[in-house]
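Below: one structure, written as structure tokens.
Number of protein chains: 6
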Amino acid sequence: MSEFSHISSNGEANMVDVTGKAVTTREALAEAFVYMNEEAISLIQRGDHHKGDIFAAARIAGIQGAKKTADLIPLCHPLMLTKVAVDLELQAAEGRVRIETRCKLDGKTGVEMEALTAASVASLTLFDMCKAVDPGMRIEGLRVLKKTGGKTGLWSA
Amino acid sequence: MSEFSHISSNGEANMVDVTGKAVTTREALAEAFVYMNEEAISLIQRGDHHKGDIFAAARIAGIQGAKKTADLIPLCHPLMLTKVAVDLELQAAEGRVRIETRCKLDGKTGVEMEALTAASVASLTLFDMCKAVDPGMRIEGLRVLKKTGGKTGLWSA
Amino acid sequence: MSEFSHISSNGEANMVDVTGKAVTTREALAEAFVYMNEEAISLIQRGDHHKGDIFAAARIAGIQGAKKTADLIPLCHPLMLTKVAVDLELQAAEGRVRIETRCKLDGKTGVEMEALTAASVASLTLFDMCKAVDPGMRIEGLRVLKKTGGKTGLWSA
Amino acid sequence: MSEFSHISSNGEANMVDVTGKAVTTREALAEAFVYMNEEAISLIQRGDHHKGDIFAAARIAGIQGAKKTADLIPLCHPLMLTKVAVDLELQAAEGRVRIETRCKLDGKTGVEMEALTAASVASLTLFDMCKAVDPGMRIEGLRVLKKTGGKTGLWSA
Amino acid sequence: MSEFSHISSNGEANMVDVTGKAVTTREALAEAFVYMNEEAISLIQRGDHHKGDIFAAARIAGIQGAKKTADLIPLCHPLMLTKVAVDLELQAAEGRVRIETRCKLDGKTGVEMEALTAASVASLTLFDMCKAVDPGMRIEGLRVLKKTGGKTGLWSA
Amino acid sequence: MSEFSHISSNGEANMVDVTGKAVTTREALAEAFVYMNEEAISLIQRGDHHKGDIFAAARIAGIQGAKKTADLIPLCHPLMLTKVAVDLELQAAEGRVRIETRCKLDGKTGVEMEALTAASVASLTLFDMCKAVDPGMRIEGLRVLKKTGGKTGLWSA
């Protein structure tokens, strides 16, 4: 592949025409990391209920974010996601929270942007809830881990 | 500061009450980087019009994203942004595009989440447009650079 | 059935995976009642045009609300509704307006949440338009009346 | 007061002009009840984490719902909420969950529709998560409990 | 005035910074016309209730559209509209419906885009409801009639 | 055809039931014109980058607008567009910009409202960016050019 699919020959942004494409089951996994200071890490660690609501808010926001992908990213097609999962894991030794997302659908185009958007919105929500304690957090390593389905089949990082 | 402002004493997610806070001019800067392979870098580099529409789409999506912050992040207040700027710079030697965003308002609460959301959506849009050439891109270093205004005044990374 | 489908074994909110489910015609009916004082009832009763625009606004808001269900309810799947109907009936003797909604689609998951959301938004719109006359209104009896389609087939209240 | 504020003299739906009104601190409380069968009640009761994520999802959806009020209810003005709170309480003996919401802002118009919308969306989210166990749930008693601020001052149910 | 306010000196789309601008009462009027064939005109004319719901739907959609302006037009600021009015008049002799809209707010930037968006969405809604009878309708003459407030004061077409 | 499909026999606004309709490939073309004064025309003409970002913003807003059709027009069904194209052409001699849009999907209902909405939002975005130079612009001739697919097959203006 040697050209951007979303830019036409005269340089204009362009929604790819997927009208003729086959409906197949497609799935994508993405991940991101939120790095924070020790105080924030230990506040998340302390007490299940704290982590519960912080992680629940990020998880729910990530799921909702996946459904808004076509509204956020101009050239994305509207899609009928059949599954969105957002998992958060505190990796205290590394000073970070790891977020992994998974999206699925039976459709004509892949769902990696949906998985990335879910991870991005979950990360931002976590940032929002912890920023009073550590305004210097960083969101790192947002990328696609794996995608399956469609003409290209399996791709993994 | 030693507690998460968005989690109440019994562990529940909680929108901070800003009713009594003063209206001041607030501003926030954020940045992010999108790393991509040489082929993607050189396609962006080649020809102004190509870069034009790719960067224009990311810039516009970032501006629109900033305005959707309260819709994406559950505990953010609705805000009346008075300015959103999104700048993209191709840093070919580093194999990346740098995105810098700036948000302003006269209001009762800070705009760092808006600046981060703008940077995040601009990054995702860039990813979407280049993913046919490099599906292995990574979004890195999303963070607040500086914020001013409000009771805490200047904070910088 | 003995477990919540939307809560995973470790207690986390969870969007049900409907990827493998069959596409069938599904339909759901819901109802709600808005109770109001005599003055509000008689103002609605007086003159067709009054009732016309009050009921038209509630009907249109209810239809629009049905289409926003996946945006409002975190674990709902995005759906392609093929029909939404919202009917309002003034039941003056009972001091109330009855709202009945019906949603349909050919899809992989039921539409009862869409019917309930339509009834809910229509009720709230009616409340909004009558609240200057009766701020003490109550919305009661919002429930599913019947649903058909899918693996479970017919269910009725 | 003897006429609907939202219907003009010729019977047309009408957004009230609040341009000239004073900015005051306004607050509204609303409540709703979700009635469910014993199996659903005891599943919510069993284990903190279960209740945690079910209640967290409803709380977050309710907060997000309050921010969407002007998008859902046609004649509502866009508002800058400064506080939204959604509290859920399991009242097992009564076979129900009680939802209480509170909205605040410094603005030109009241926030009772925002409090009602928050309660409504939180109720619907609870319904969605429990419907596999009890599809016959009912949402009852959605009403305003109290509102303060503005020209009319305190109103309570 | 000799340059586009929304394009920076290096040609990039740019949200105008209104942070320092004064809050004044601003108002804008816009109009549009929907031309249709005789059959559509006479169906609208026949019976009040028909016209009622067709015009009510267009009016409500137009009001809702005004509130979505900043979501639709990339460089528009989010605004707190204090009044939106949408009026429709059947001008049978001219074979058209005239739509006039009016928006108001106390704010830092004008509301002509909101008035235009209201007129545009009301026109499209009318088109949608009549297109089965006349798919060849045209929407013409969408423009600003008058605006007041702000530094430039009164402007009229 | 002799009755409005969206108005029921008792005069109420009504979403057409498309549950039973066949899935076919459907396409629609629409156009609109934005008339502006010489100064605005020559500013658009001058320099590729200027036109680039102005046209890019309108093109992207138009694409995004098409995806919001069911949110804007009350009785439109939610659709899964497979292609949206928005083309702008400066017709300096005629003192106008011509906008042509094209929408496609495999679905149960036509996409002419989506094409019209794309053209409408692109026009409004162009208006917004040029209004500082010419507040007297007019949007004219918004109409469907052609539609194909479905039971009625080809229709052209």
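Residue numbers (numbering that gives the first Met the number 0), protein chains in the order written: chain A, 0 to 156; chain B, 0 to 156; chain C, 0 to 156; chain D, 0 to 156; chain E, 0 to 156; chain F, 0 to 156. Here a beta-carbon is modelled for each residue, glycine too, at the ideal position from N, C-alpha and C.
Could you tell me the distance, in whole angstroms, from the CA atom of residue i to the CA atom of residue j?
i: Ala84 of chain D; j: Ala27 of chain D; result: 11 angstroms
i: Phe3 of chain B; j: Ile138 of chain F; result: 51 angstroms
i: Ser1 of chain D; j: Asp133 of chain C; result: Here Ser1 of chain D scores only 46 on pLDDT, less than 50, and its place in the model is too uncertain to base an answer on.
i: His49 of chain D; j: Ile59 of chain A; result: With a pLDDT of 49 at His49 of chain D, under the threshold of 50, the predicted position of this residue should be treated as unreliable, though the coordinate-derived value follows. Answer to the nearest angstrom: the Cα atoms are 15 angstroms apart.
i: Pro73 of chain D; j: Ile40 of chain C; result: 21 angstroms
i: Lys150 of chain B; j: Ala69 of chain E; result: 29 angstroms
i: Leu89 of chain F; j: Thr100 of chain F; result: 15 angstroms
i: Gly94 of chain E; j: Met136 of chain E; result: 10 angstroms
i: Gly10 of chain E; j: Ile6 of chain B; result: 44 angstroms
i: Cys129 of chain B; j: Tyr34 of chain B; result: 11 angstroms
i: Val15 of chain D; j: Leu71 of chain F; result: 21 angstroms
i: Asp86 of chain D; j: Ala156 of chain D; result: 19 angstroms
i: Lys103 of chain C; j: Asp52 of chain F; result: 42 angstroms
i: Arg142 of chain C; j: Gly61 of chain B; result: 41 angstroms
i: Leu153 of chain C; j: Glu113 of chain C; result: 17 angstroms
i: Leu80 of chain D; j: Cys75 of chain B; result: 10 angstroms
i: Lys146 of chain C; j: Ala29 of chain C; result: 9 angstroms
i: Lys67 of chain E; j: Lys67 of chain C; result: 15 angstroms
i: Ala131 of chain F; j: Lys20 of chain F; result: 47 angstroms
i: Val96 of chain A; j: Val96 of chain F; result: 50 angstroms
Measuring alpha carbon to alpha carbon, tell me which residue in the options is nearest residue i.
i: Ala31 of chain E; options: E:Thr24, E:Leu115, E:Asp105; result: E:Leu115
i: Phe126 of chain E; options: E:Leu144, E:Gly149, E:Gly109, E:Ala57; result: E:Ala57
i: Thr18 of chain B; options: B:Lys107, B:Leu71, B:Gly64; result: B:Lys107
i: Ala117 of chain B; options: B:Ala65, B:Lys82, B:Ser8; result: B:Ala65
i: Val110 of chain F; options: F:Leu144, F:Ile98, F:Leu87; result: F:Leu144
i: Ile98 of chain D; options: D:His76, D:Gly140, D:Gly152; result: D:Gly140
i: Ala12 of chain F; options: C:Gln44, C:Gln63, C:Leu153; result: C:Gln63
i: Asp105 of chain D; options: D:Val96, D:Thr124, D:Lys82, D:Ala55; result: D:Lys82
i: Arg45 of chain E; options: F:Gln44, F:His76, F:Ser8; result: F:Ser8
i: Arg25 of chain D; options: D:Val96, D:Ala131, D:Leu78, D:Thr124; result: D:Leu78
i: Thr124 of chain D; options: D:Ala55, D:Ala29, D:Lys67; result: D:Ala55
Exposed or buried, residue i, counting other C-beta atoms within 10 Å across all chains shown (16 or more means buried)?
i: Ser122 of chain C; result: buried
i: Glu37 of chain E; result: exposed
i: Ala92 of chain F; result: exposed
i: Val22 of chain B; result: exposed
i: Ser119 of chain E; result: buried
i: Leu42 of chain C; result: buried
i: Gly148 of chain A; result: buried
Examine the ligand SAH and report whether any of its heavy atoms sits within less than 6 angstroms of the Cβ of residue i.
i: Gly106 of chain A; result: The ligand SAH is not part of this structure, which contains no ligands at all.
Report yes or no: is there a C-beta of chain H within less than 7 angstroms of the C-beta of residue i?
i: Ala156 of chain E; result: Protein chains A, B, C, D, E and F are contained in the structure displayed, whereas chain H is not.
Which runs of the beta strand (DSSP E) spanning at least 3 residues fall entirely within the region 62 to 130 of chain B, listed in chain order? 82 to 90, 95 to 106
Interface positions of the region 88 to 112 of chain B facing chain D (Cβ-Cβ less than 9 angstroms), listed along the chain: Gly106, Lys107, Thr108
Taking a cut of 8 angstroms between CB atoms, which residues from the region 3 to 28 of chain F lie near chain E? Phe3, Ser4, His5, Ile6, Asn9, Gly10, Glu11, Ala12
Name the residues in the region 125 to 138 of chain A whose C-beta lies less than 8 angstroms from a C-beta of chain F; which are they? none
Please list, in chain order, the residues of the region 48 to 69 of chain A that have any C-beta partner in chain C closer than 7 angstroms. Ala55, Arg58, Ile59, Ile62, Gln63, Lys66
Mind listing which residues of the region 137 to 153 of chain C have their C-beta closer than 9 angstroms to chain F's C-betas, in chain order? none
Counting only Cβ-Cβ distances shorter than 9 angstroms, please list the residues of the region 70 to 85 of chain D near chain C, keeping chain order. Asp70, Leu71, Ile72, Pro73, Leu74, Cys75
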